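Taking the numbering used here, the leading residue of the sequence shown gets 97, the next gets one more, and so forth. Glycine residues also receive a C-beta, built at the ideal position from the N, C-alpha and C atoms. Remember, predicted model here, so these are calculated numbers, not experimental data.
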Amino acid sequence: MPSPAGAPTVAGPVDTGAPTDPPAAAAHPTPRRNTTREDDSVVKRHLAAAAALSSLAFLAAAPGAQAADNPYQRGPAPTVSSIEAARGSYAVSQTSVSSLSVTGFGGGTIYYPTSTSDGTFGAVVISPGFTAYESSIAWLGPRLASQGFVVFTIDTLTTLDQPDSRGRQLLAALDHLTQRSSVRGRVDATRLGVMGHSMGGGGTLEAAKSRPSLKAAIPLTGWNTDKTWPEISTPTLVVGADGDTVAPVATHSEPFYETLPASLDKAYLELNGATHFTPNSSNTTIAKYSISWLKRFIDNDTRYDQFLCPLPRPSLTIAEYRGTCPLGS
């Protein structure tokens, strides 16, 4: 068995400085006009309309605006630039979790938006690969958190843990995050996802199989001896690499994707010019599609459909992309 390693300014009133003279008194004052209830009604309607337009303008501009029909929507309207950026619209803080203070996994680091005005956020836990440590997937922490998620990058109990064990550890970390962590009040425990690299990717599939309530799963160049996953009901984005010689796509990522239920929201992204270890370094393609997938299925944010459907075409960074469109059907 190969041994994959995971590694504003606010404008004030304008003062022209020019003195003004009081207007001369009129010789014959204009008679005062008596207003009617109808006049009052017209004025009230205009004021109400102006207030409504002002409110809409504020919501459209506010970074943390939420759509009235989707209480889980977070952040401004996305663009290609915003999902490719190294950081999103949210400022991020982090807190370390000692392995001595938890059970079922090896501790890690929680990254979370500092905003307290947008309510709770969806969350995702990320596992490293075989022989690797949390540091190998740490770049994803602040990148995803700045887009409006609580992200927990973890260490496993031992670096040699197999995919089934890593799956259980992902779930243990989710339980700690939502029930006992210092940021549990910031997390919506009904909107959770899992990610992982290599055997951590294999563990991602195991976790999704064990806990159908998960909203999203993303295995990154995943490795697992189990190649078939018809039991999974969690929307899954499988990421492979065309140059992966540790977990070749033909025997890992492709069969993982192909055996997911046909009725499932699923996608297969094969990175172009990439290797098994590409997910261990900051990667724009991995980030933009992971963000879009997590937003669409953890936040139920259909504003991100545009980046997933129609299916992305092959390019310098994408060797192949398959998927189910439309999403959520």
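Self-check item: Three-way DSSP call (helix, strand, coil) for THR413 in this model
Solution: DSSP, reduced to helix, strand and coil, places THR413 outside both helices and strands of the structure shown, so it counts as coil.
Exercise. In the DSSP assignment, find the beta strand (DSSP E) that holds GLY289 and state where it starts and stops.
Key: From DSSP, the beta strand (DSSP E) with GLY289 extends over 283–293.
Exercise. Inspect the beta-carbon positions of ARG399 and PRO259 and report whether they are closer than 7 angstroms.
Key: In this structure, PRO259 does not lie closer than 7 angstroms to ARG399 by Cβ.
Exercise. Could you name each continuous beta strand (DSSP E) segment of 3 residues or more that falls completely within the region 230–283, going from the start of the chain to the end?
Key: Fully enclosed beta strand (DSSP E) runs of 3 or longer: 245–250.
Quiz item: Which residue comes first and which comes last in the beta strand (DSSP E) that contains ILE206?
Solution: Counting along the chain, ILE206 sits inside the beta strand (DSSP E) bounded by residues 204–209.
Exercise. Give the DSSP-derived three-state secondary structure of ILE179 in the structure shown.
Key: In the structure shown, ILE179 sits in a helix (DSSP, three-state: H, G or I).
Quiz item: Quick one, which of TYR417, GLN275, LEU356, ALA303 has its alpha-carbon nearest GLY336's?
Solution: Looking at the Cα atoms, TYR417 is the closest of the given residues.
Practice problem: Mind checking which residues open and close the beta strand (DSSP E) that includes PRO406? | Solution: Run containing PRO406: none; DSSP gives neither H nor E here.
Practice problem: Could you check the C-alpha separation between PRO375 and LEU316 for me, to the nearest Å? | Solution: About 7 angstroms.
Quiz item: Any idea if GLY289 is buried or exposed, counting beta-carbon neighbours within 10 angstroms, 16 or more meaning buried?
Solution: Label assigned to GLY289: buried.
Quiz item: How many angstroms separate the CA atom of ARG307 from the CA atom of ALA313?
Solution: Rounded to the nearest whole angstrom, the CA to CA distance from ARG307 to ALA313 is 11 angstroms.
Quiz item: Looking only at C-alpha atoms, which of TRP319, ARG239, LEU360, ASN368 sits nearest to ALA187?
Solution: Ranking the options by Cα distance to ALA187, first place goes to ARG239.
Quiz item: Using the rule of at least 16 other Cβ atoms within 10 Å of the residue's Cβ for burial, across every protein chain shown, is LEU270 buried or exposed?
Solution: Around the beta carbon of LEU270, a 10 Å sphere encloses 16 or more other beta carbons of the protein chains shown; the residue is thus reported as buried.
Quiz item: Taking buried to mean at least 16 other C-beta atoms within 10 Å of its own C-beta, is ALA370 buried or exposed?
Solution: Per the 10 Å Cβ criterion, buried.
Self-check item: Nearest to ARG183 (by Cα), restricted to the options ALA343, ALA241, THR212
Solution: Closest by alpha carbon: ALA241.
Self-check item: Extent of the continuous alpha helix (DSSP H) run through SER388
Solution: That run of the alpha helix (DSSP H) goes 380–394.
Practice problem: Between the Cα of GLY424 and those of ASP401, PHE248, PRO408, ILE206, spot the shortest distance and give me the residue it belongs to. | Solution: Taking only the C-alpha atoms, the option nearest GLY424 is ASP401.
Quiz item: What is the residue span of the beta strand (DSSP E) that TYR364 lies within?
Solution: Where TYR364 is concerned, the enclosing beta strand (DSSP E) starts and stops at 362–367.
Exercise. Would you tell me roughly how many angstroms separate the C-alpha atoms of PHE248 and VAL279, rounded to the nearest one?
Key: Approximately 11 angstroms between the Cα atoms of the pair.
Exercise. Return yes when the Cβ of ASP284 is within less than 7 angstroms of the Cβ of THR216, no when it is not.
Key: It is a contact, given that the beta carbons lie within the stated cut-off.
Quiz item: PRO315 lies in the beta strand (DSSP E); which residues open and close that run?
Solution: First-last of the beta strand (DSSP E) with PRO315: 312–316.
Exercise. Report all residues from its chain with a CB closer than 8 angstroms to the CB of SER362; omit the five preceding and five following residues, and keep chain order.
Key: In the sequence as presented, Ser is not what sits at residue 362; that position holds Lys. Excluding positions up to five away in sequence, the list reads PRO331, THR332, LEU333, VAL334, TYR353, LEU356, GLY419, THR420.
Practice problem: Determine the closest residue to ALA219 out of THR212, LYS384, THR274, LYS323, with distance taken between C-alpha atoms. | Solution: Of the candidates THR212, LYS384, THR274, LYS323, the one whose C-alpha sits nearest the C-alpha of ALA219 is THR274.
Self-check item: Closest Cα partner of GLN243 within the set ALA383, ALA228, LEU253, GLY339
Solution: It is ALA383 whose Cα lies nearest to the Cα of GLN243.
Exercise. Spell out the partners DSSP gives ILE222 in its beta bridges.
Key: Partner(s): THR249, MET291.
Exercise. Please check the pair MET295 and ARG262, which I expect to be a contact at CB under 8 angstroms, by giving their CB distance rounded to whole angstroms.
Key: 6 angstroms between Cβ atoms; contact.
Quiz item: Is GLY292 near GLY299, with beta carbons less than 7 angstroms apart?
Solution: Yes.
Quiz item: Is DSSP giving PRO422 helix, strand or coil here?
Solution: DSSP places PRO422 outside both helix and strand once states are collapsed to three, so it counts as coil.
Quiz item: Between ASP395 and ILE387, what straight-line distance do the alpha-carbon atoms span, to the nearest angstrom?
Solution: Looking at the two C-alpha atoms, the distance is approximately 11 angstroms.
Self-check item: Length of the line joining the Cα atoms of THR212 and ARG276
Solution: Going from the Cα of THR212 to the Cα of ARG276 covers about 19 angstroms.
Quiz item: When DSSP labels each residue in this structure, what does PHE373 get in the three-state scheme?
Solution: Looking at PHE373 - three-state DSSP - the assignment turns out to be coil, as it is neither helix nor strand.
Practice problem: Enumerate in chain order the residues of its own chain whose CB-to-CB distance from TYR385 is below 6 angstroms, with the five nearest sequence positions on each side excluded. | Solution: So the list reads LEU365, once near-sequence residues are dropped.
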